[in-house]
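Colleague: Take this structure first; my questions come after.
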Amino acid sequence: MQTQGNRKIWYSLYGRMLERPRLEAAFRKVKAANGAPGVDGVSVKAFADRLAEQLDVLVKELKDKSYRPLPVLRVEIPKDGGGVRKLGIPSVRDRVVQQALLDILNPILTPLKKA
41 MQTQGNRKIW YSLYGRMLER PRLEAAFRKV KAANGAPGVD GVSVKAFADR
91 LAEQLDVLVK ELKDKSYRPL PVLRVEIPKD GGGVRKLGIP SVRDRVVQQA
141 LLDILNPILT PLKKA
């Protein structure tokens with residue numbers, strides 16, 4: 041990041057996705073939410089059991105731009121008053137990438153929202 045007058049100029053936001061500590065922090069947030077497995081059937085616990093390997097794969101795929109999100113698992117939850125609530129559950133690995141991206145963009149975009 042550089043400052044130009046009162047404006048901040050951001051460089052290489054994508055490069056920040058490749059930082060291992062950022063992905064580790066994102067995983068901790070995903071783990072705290074303790075969500076259900078996605079379409080691949082991998083639970084948060086199973087992902088955590090092989091965390092180093094999983095993050096190595098994500099960093100490699102993000103670096104060489106071969107990362108592709110998995111399809112979202114569609115689930116219908118019955119509503120009390122009838123009908124269903126449709127949910128889409130991403131895989132744990134995709135939630136980690138989404139959380140890392142949110143962690144990068146949130147401090148940049150939040151001040152713009154307040155302006």
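Read in the working numbering, the sequence shown has 72 at position 32, and its numbers run on one by one without any break.
Backbone N, C-alpha and C define an ideal beta-carbon position, used for all residues, glycine too.
Against chain D, does Thr150 count as a neighbour if the rule is that its beta carbon must be under 7 Å from one of theirs?
Modeller: Chain labels in this structure do not include chain D; a single protein chain is all it has.
Colleague: May I ask which residues mark the beginning and end of the beta strand (DSSP E) holding Glu116?
Modeller: 113–118
Colleague: Considering only DSSP beta bridges, list what Arg125 is partnered with.
Modeller: Ile117, per the DSSP bridge assignment.
Colleague: Once you ignore the five residues that flank Leu113 on each side, which residues in its own chain have a CB closer than 6 Å to its CB?
Modeller: Gly78, Val79, Ile129
Colleague: Near Val124, which residues of its chain fall below 7 Å by C-beta distance, leaving aside the five closest residues on each side in sequence?
Modeller: Glu116, Ile117, Pro118
Colleague: Can you tell me whether Val112 sits near the ligand MG, meaning its C-beta is under 6 Å from at least one heavy atom of the ligand?
Modeller: In terms of ligand content, the structure shown is empty, and the ligand MG therefore cannot be addressed.
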